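**Q**
Protein chains: 4
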Amino acid sequence: MSDPLLDAIAGGVRVYDLARPMEIGMPQSPNHPQFRLALQRRHGDAIRADGGSAASELIITGGHVGTHIDALSHVSHEGRLHGGLDAAEAQRGGRFSDLGVETIAPMVCRGWLLDVPNTLGVRACEPGYEITPDDLARAAAQHSVDPQPGDVVLVRSGWAQRWDDHEAYVGHDSGVPGPGEAGARWLAALQPRAVGADSIAFERLAPGAGHALLPAHRVLLVEAGVHIIETMNLEELAHARVYEFTFILAPLPLVGATGSPVRPLALVSETAR
Amino acid sequence: MSDPLLDAIAGGVRVYDLARPMEIGMPQSPNHPQFRLALQRRHGDAIRADGGSAASELIITGGHVGTHIDALSHVSHEGRLHGGLDAAEAQRGGRFSDLGVETIAPMVCRGWLLDVPNTLGVRACEPGYEITPDDLARAAAQHSVDPQPGDVVLVRSGWAQRWDDHEAYVGHDSGVPGPGEAGARWLAALQPRAVGADSIAFERLAPGAGHALLPAHRVLLVEAGVHIIETMNLEELAHARVYEFTFILAPLPLVGATGSPVRPLALVSETAR
Amino acid sequence: MSDPLLDAIAGGVRVYDLARPMEIGMPQSPNHPQFRLALQRRHGDAIRADGGSAASELIITGGHVGTHIDALSHVSHEGRLHGGLDAAEAQRGGRFSDLGVETIAPMVCRGWLLDVPNTLGVRACEPGYEITPDDLARAAAQHSVDPQPGDVVLVRSGWAQRWDDHEAYVGHDSGVPGPGEAGARWLAALQPRAVGADSIAFERLAPGAGHALLPAHRVLLVEAGVHIIETMNLEELAHARVYEFTFILAPLPLVGATGSPVRPLALVSETAR
Amino acid sequence: MSDPLLDAIAGGVRVYDLARPMEIGMPQSPNHPQFRLALQRRHGDAIRADGGSAASELIITGGHVGTHIDALSHVSHEGRLHGGLDAAEAQRGGRFSDLGVETIAPMVCRGWLLDVPNTLGVRACEPGYEITPDDLARAAAQHSVDPQPGDVVLVRSGWAQRWDDHEAYVGHDSGVPGPGEAGARWLAALQPRAVGADSIAFERLAPGAGHALLPAHRVLLVEAGVHIIETMNLEELAHARVYEFTFILAPLPLVGATGSPVRPLALVSETAR
């Protein structure tokens, strides 16, 4: 069989892992269940007649824990989900009959990186800094980022450098950088299938304000129907100056859920230039 | 940028979803935690000043629940993991310091389907049927399946047709078809990075015997260091007669776990012939 | 200090444990989360400088798992909880603002046993048998059971003898014995603070019908405001022919929950006659 | 029937609730699973043919979360549990075959309160203050506390006043008051069946040191076989100047667990003087 995709893979592909490791104590929003993993069975607990033994675990998580994607069912505005669906009706039964995370088609498409701190000439955006449409436009121009409808656009703030410090990364007191309503509108106008960020919330959070208001979520999830990916690791991609890539993301098909932990990948052919 | 992979994607790709939906009541092994998802917060529970509201969930799962991959830490033989590692040492601390599921590199590689019932001329293998090396060799020859080291090999038994009947799919009383020790050795000799099955265990299970002995796991995970993917949906692929494809799988990076729910994909260029 | 209660305790008290052990695989309703306990930390995982080590667990349960009590928030009828409260309002926020299990005062009161199979002259009530008001009245008369308002009344069906067989105890196909609407009304007229049963549901379940209708729950929880205790072990009490006793039950104060696992006790002074 | 215990109950009993409400966000040790409760089903999700509906929850907890009791399996010293049992053997299989929390007999016995801050003339012990044998002896003498073997002894530090401030109650930076090794030995010499405290750990914790060393646990659980109850609410009891009472505690029978959330009660006859 001759398949251009297989041929491209055979030519060599560099894989960038855009996910954070999931482990007890990792930074996560206090609104969501604390990640927990316990080995329910360890080797030696039970030994089969042939000398074999198995270990396995019990996992507690939330749909918005670790690197994750938001389904359109995640946020409503004045009782309505994207497309004007009645939120109360959609959630009746204890899982979403519409817009659940299992309805997100696996993404195998073009992706782009907007490296904002690189454009701003800083190591990372300041805490609480609002990423503006102008910042985004300048970052796009600088690195020839030209998203078409259906592509994925990742916005780096550099916040991911704080990952190893739980409190600093959550950033409740300091605030967290991110696009505000205006930046979200600029992105939505590109008609991407998803946008991503390297902080927990794809929002600019004011110092001490937490998640009191989430205008970028409203614009993207409710108004524009654009999925949001959060808690990504974009450092390696930025360091390698990769701004255009093949983007892969396949959420767990959690029926009726509002989000899913994910392991997104950026792929670049080794022969690309 | 000219990137053969991006060009191939731009040319059009058909995506086959090889995962089963995850929901309460789906078939799963009784050895593992029962999947459970509950909306901890629903729209309207709390409404922000601007009229926004969010819903989210609490998820209970295991690493071997739903479509999932086995890490090499999952099975030991006489106290040893793959490579002779001491299982007791590796699991000390309550998570694996070696061979955890987070050490599995994301798979972006060539994949192959061995459609055994098609070769045998049956709709699906009989309950408790042991898939032999000869069956596998014939299926490979029939469909020009020619795996090279590092490829992924999926073995279809047709068992997935029982998915909608929990008890029938688990198959405790009936037994379940699959490769035995000999079949596993035949596969291991191909040096794949992973093998997959459309039943819960990549094993032939005798009627009424459950998981008393797991020789294929020993051969693949312990001796050969080959990952196992289980509870896959291979029906669509078989129906489309796709035997060679680009295989994508990225386990959740659950640090120190023995397995992870996954959403594997098979990709075929629309121009392939 | 002279305290009659302390004096009575000092005189010797026989304690009857009315709870079932909680463990993986125990009988429970499939409507509720499967009980799961995993040691997240074992001795030797981490050793303190002085040679000490600790073990601890992660527990998954539901409020209606194991021997448990139903709060009045558990059941509604036509959108109303006991006292006419609006069920939708009470549950807003993801936990009950009214009638949660934490509002049940600890019970330290008189309890009574109605031993129905003893009165009927059988080892245990037949599967699907409806315990009638006449059965209850005869059992009361036979054993001088004379409940006053505020007492607790336990109704034995003998079903608990099936505890060791998960499927038999759940009894989906066979049906389960218990009071129907008429029996519940007879009990409610006594104005007890709680009633208890030795099956999972304080109901007569028809063969194959499961929990399609729960009239006793409606009468007791919604109309009469009487708590229901289920999955009790009443065998020992019956064997000892103890029909009147001090009843102790203290639900976990799970704020806003609809039920709680409990460990109810029946106490009898050793000098009682 | 004439039963002194029933007569005493009939005479009127004041019930003191010694447990803290269990809810998301309550203070708990970061070593243990974060308490979480989600309504998996709400009224209106499914409505039965007769107009009835039920709500229920999914609960995540640990055995040492909320007001709880430590089983003797909780702590080991140099690989040995109380009585010299081999800790590794006892925990094989993923639950304790010996000394699990289900082996603790329900407590219906005499209890005593040692009100240390009252004796010291302070509102509450200082953070990091070590409660000495002399403090305990003085508190006992002052309030005629005279425990006999098999009684329960509760030690108040006043720390419970910080309950509403999660960080202050956990007290990592400040330290937490409690008995040290010497105080634990003084208590163990009384041969109580259990001791209790109003802080998370029945220990004096030095500022910033966390749970690095737990000498009181070693003395009580490993050497003396005395259970420990933690996170109690002793404020009401102290305020009422109740130093002797009937103590009731019935742990959930979690088979093979190292601890259990509990709802302990102190009872006083209304006619006591």
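Chains as they are written, first to last, in the working numbering: chain A, 73 to 345; chain B, 73 to 345; chain C, 73 to 345; chain D, 73 to 345.
Think of the CB as a built atom: it goes at the ideal place given N, C-alpha and C, for glycine as much as any other residue.
Keep in mind that this is a model prediction, so the values were computed, not measured.
For chain D, find out if any of its Cβ atoms is closer than 8 Å to the Cβ of residue 145 of chain C; answer yes or no.
**A** Taking the first residue of the third sequence as position 1, residue 145 of chain C is located at position 73. Yes, residue 145 of chain C lies at the interface with chain D (some Cβ there is under 8 Å from its Cβ).
**Q** Grouping DSSP H, G and I as helix and E and B as strand, with all else coil, what is residue 194 of chain D?
**A** Taking the fourth sequence and counting its residues from 1, the one referred to as residue 194 of chain D is at position 122. Note: residue 194 of chain D maps to coil in three-state DSSP.
**Q** Using 8 Å as the threshold, is the stretch 249-256 of chain D in touch with the stretch 209-225 of chain D, meaning 3 or more CB pairs across them?
**A** no
**Q** Let me confirm a value: residue 194 of chain B is counted as buried when at least 16 other C-beta atoms fall within 10 Å, else exposed. Which label applies?
**A** Here residue 194 of chain B refers to the residue found at position 122 of the second sequence. So residue 194 of chain B ends up on the exposed side.
**Q** Based on Cα-Cα distance, which residue from C:181, C:79, C:85 and C:334 lies nearest to residue 342 of chain C?
**A** For the purposes of this step, residue 342 of chain C is taken as residue 270 along the third sequence, with counting starting at 1. Answer by Cα proximity: C:85.
**Q** Output yes if chain C places a C-beta closer than 8 Å to the C-beta of residue 244 of chain D; else output no.
**A** Stepping through the fourth sequence from its first residue, residue 244 of chain D is reached at position 172. No, residue 244 of chain D lies away from the interface with chain C (no Cβ there is under 8 Å from its Cβ).
**Q** Residues in the same chain with beta-carbon distance under 7 Å from residue 115 of chain A, minus the five sequence neighbours each way, listed in chain order, please.
**A** As a first step, residue 115 of chain A is located in the first sequence; it is residue number 43 there, counting from the start. Counting only Cβ-Cβ distances below 7 Å, and skipping sequence neighbours, we find 125 and 127.
**Q** Nearest to residue 183 of chain A by CA position, among B:78, B:302, B:320 and B:297, is which residue?
**A** Within the first sequence, residue 183 of chain A is the residue found at index 111, counting from 1. It is B:78 whose Cα lies nearest to the Cα of residue 183 of chain A.
**Q** Listed in chain order, which residues of the stretch 248-276 of chain C have Cβ atoms closer than 7 Å to some Cβ of chain B?
**A** none
**Q** Quick check on this structure: which residue in D:263, D:214 and D:91 has the alpha carbon closest to the alpha carbon of residue 309 of chain D?
**A** As a working note, residue 309 of chain D is residue 237 in the fourth sequence. Of D:263, D:214 and D:91, the residue nearest in Cα terms is D:91.
**Q** Among the candidates D:215, D:263 and D:228, whose CA atom is the shortest distance from the CA of residue 201 of chain D?
**A** Counting from one through the fourth sequence, the residue named residue 201 of chain D turns up at place 129. For the residues D:215, D:263 and D:228, the minimum Cα distance to residue 201 of chain D belongs to D:228.
**Q** Is the CB-CB distance between residue 112 of chain C and residue 110 of chain A below 8 Å?
**A** Reading the third sequence from its first residue, position 40 is the one you call residue 112 of chain C. Reading the first sequence from its first residue, position 38 is the one you call residue 110 of chain A. The answer is yes: Cβ separation under 8 Å.
**Q** Using a C-beta to C-beta distance shorter than 7 Å, which residues of chain A count as neighbours of residue 158 of chain D?
**A** In the fourth sequence, residue 158 of chain D corresponds to position 86, counting from 1. None at all; the shortest Cβ gap to chain A is about 14 Å.
**Q** When the distance is taken between beta carbons, is residue 144 of chain B closer than 8 Å to residue 130 of chain D?
**A** Taking the first residue of the fourth sequence as 1, we reach residue 130 of chain D at position 58. Taking the first residue of the second sequence as 1, we reach residue 144 of chain B at position 72. For residue 130 of chain D and residue 144 of chain B, no; Cβs fall outside 8 Å.
**Q** From this set, C:296, C:280 and C:94, which residue's C-alpha is nearest residue 133 of chain C's C-alpha?
**A** In the third sequence, counting from the first residue as 1, residue 133 of chain C sits at position 61. Comparing Cα positions, the closest option is C:94.
**Q** How big is the Cα-Cα spacing for residue 98 of chain A and residue 123 of chain B?
**A** Here residue 98 of chain A corresponds to residue number 26 of the first sequence, with the count starting at 1. Here residue 123 of chain B corresponds to residue number 51 of the second sequence, with the count starting at 1. Distance between the alpha carbons of residue 98 of chain A and residue 123 of chain B: 31 Å.
**Q** Checking the sheet assignment: what are the DSSP bridge partners for residue 94 of chain A?
**A** Position 22 of the first sequence holds residue 94 of chain A. Paired residues: B:326.
**Q** List the residues that DSSP assigns as beta-bridge partners of residue 88 of chain C.
**A** In the third sequence, counting from the first residue as 1, residue 88 of chain C sits at position 16. Residue 88 of chain C pairs with C:338.
**Q** What residues from chain A crowd round residue 409 of chain B, counting only those whose CB sits closer than 8 Å?
**A** Summary: the structure shown does not reach residue 409 of chain B, with chain B confined to residues 73 through 345, and so no result is reported for it.
**Q** I'd like the span of the alpha helix (DSSP H) that includes residue 242 of chain D, first residue to last.
**A** Position 170 of the fourth sequence, counted from the start, is the residue given in the question as residue 242 of chain D. Segment 238-242, the alpha helix (DSSP H) holding residue 242 of chain D.
**Q** If you check the beta carbons only, do residue 388 of chain D and residue 290 of chain D fall under 8 Å apart?
**A** Only positions 73 to 345 of chain D appear in the structure, and residue 388 of chain D is not among them; the question remains open.
**Q** In this structure, does DSSP put residue 249 of chain A in helix, strand or coil?
**A** Against the first sequence, residue 249 of chain A aligns to sequence position 177. DSSP places residue 249 of chain A in coil when its eight states are reduced to three.
**Q** Report yes if the C-beta distance between residue 334 of chain C and residue 141 of chain C is below 8 Å; otherwise report no.
**A** For this step, residue 334 of chain C is matched to residue 262 along the third sequence. For this step, residue 141 of chain C is matched to residue 69 along the third sequence. Yes.
**Q** What does residue 122 of chain A reach in chain B if we use C-beta pairs closer than 7 Å?
**A** Numbered from 1 along the first sequence, position 50 holds the residue referred to as residue 122 of chain A. Residues of chain B passing the Cβ test: 285.
**Q** Do the stretch 156-168 of chain B and the stretch 306-323 of chain B touch if we need at least three Cβ pairs shorter than 8 Å?
**A** no
**Q** Within the 8 Å Cβ cut-off, does residue 112 of chain C reach chain A?
**A** Start at 1 with the first residue of the third sequence, and residue 112 of chain C comes out as number 40. So, interface residue.
**Q** Quick one, which of C:315, C:257 and C:293 has its alpha-carbon nearest residue 155 of chain C's?
**A** In the third sequence, the residue the question calls residue 155 of chain C occupies position 83. Considering only alpha carbons, the answer is C:293.
**Q** Which residues, in order along the stretch 130-141 of chain B, keep a beta-carbon less than 8 Å from a beta-carbon of chain G?
**A** Looking at the structure shown, chain G is missing, and the protein chains on hand are A, B, C and D.
**Q** Using 8 Å as the threshold, is the C-beta distance between residue 282 of chain B and residue 136 of chain B below it?
**A** By 1-based counting over the second sequence, the position of residue 282 of chain B is 210. By 1-based counting over the second sequence, the position of residue 136 of chain B is 64. Contact: no.
**Q** For residue 175 of chain C, name the three-state secondary structure that DSSP assigns.
**A** If you number the third sequence from 1, residue 175 of chain C lands on position 103. In the three-state reduction of the DSSP assignment, residue 175 of chain C falls in the helix class, which pools H, G and I.
**Q** Cα-Cα, which of B:285, B:328, B:265 and B:88 is closest to residue 108 of chain A?
**A** Start at 1 with the first residue of the first sequence, and residue 108 of chain A comes out as number 36. When each option's Cα is compared against that of residue 108 of chain A, the closest is B:328.
**Q** Taking C-beta pairs closer than 8 Å, name the residues in chain A that residue 313 of chain C reaches, listed in chain order.
**A** On the third sequence, residue 313 of chain C is found 241 positions in, with the first residue counted as 1. Under the 8 Å cutoff, chain A gives no residues; its nearest Cβ is about 42 Å from residue 313 of chain C.
**Q** Return the chain-ordered list of same chain residues with a C-beta closer than 7 Å to the C-beta of residue 254 of chain D, the five sequence neighbours on each side being excluded.
**A** If you number the fourth sequence from 1, residue 254 of chain D lands on position 182. The answer, listed in chain order, is 204 and 205.
**Q** Looking at the structure shown, is residue 124 of chain A part of a helix, part of a strand, or coil, going by DSSP?
**A** In the first sequence, residue 124 of chain A corresponds to position 52, counting from 1. It is a strand residue.
**Q** Residues of chain B with a CB under 9 Å from the CB of residue 152 of chain D: which are they?
**A** The count along the fourth sequence starts at 1 and reaches residue 152 of chain D at position 80. Those do not exist, as residue 152 of chain D stays about 18 Å from chain B at its closest Cβ, beyond 9 Å.
**Q** Report all residues from its chain with a CB closer than 7 Å to the CB of residue 215 of chain A; omit the five preceding and five following residues, and keep chain order.
**A** To locate residue 215 of chain A, count along the first sequence from 1; it is residue 143. Shown here for residue 215 of chain A: same chain residues with a beta carbon closer than 7 Å to its own, the five before and five after excluded, namely 187 and 315 in chain order.
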